[in-house]
Amino acid sequence: MNQDNLYQKVYIEEICPQCGNKVEEIDKDTSTERDMRLYACSVCEWSDYIDVGIPLWKAYSEFKKLNNK
Numbered sequence: 895m896n897q898d899n900l901y902q903k904v905y906i907e908e909i910c911p912q913c914g915n916k917v918e919e920i921d922k923d924t925s926t927e928r929d930m931r932l933y934a935c936s937v938c939e940w941s942d943y944i945d946v947g948i949p950l951w952k953a954y955s956e957f958k959k960l961n962n963k
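Numbering-wise (this note's numbering), the sequence shown opens with residue 895 and increments by one.
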């Protein structure tokens, strides 16, 4: 497993990569046309944004454009 897959897996399992405690999703932002989520650990105060792909509204919009041609 490469480093990127390992990093993604840490977030999916909601485990802090620094201290091993549970992280929580604090914020979700789709204003950049990407689904960016902020995760944070309350124990060691680690936090990071992760790009989880395109938001659902963007996928739906692109689907509608393709079907209207």
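All residues carry an ideal CB built from backbone N, CA and C; glycine is no exception.
For GLU956, no beta strand (DSSP E) run applies; the uninterrupted alpha helix (DSSP H) run containing it begins and ends at 950-961, by DSSP. In this structure VAL937 is exposed. Its beta-carbon is surrounded by fewer than 16 other beta-carbon atoms within 10 angstroms. DSSP, read as helix, strand or coil, puts ARG931 in strand. Scanning its chain for C-beta atoms nearer than 6 Å, with the 5 sequence neighbours on each side dropped, one finds around ASP929 the residues VAL946, GLY947, PRO949, in chain order. DSSP, read as helix, strand or coil, puts SER936 in coil.
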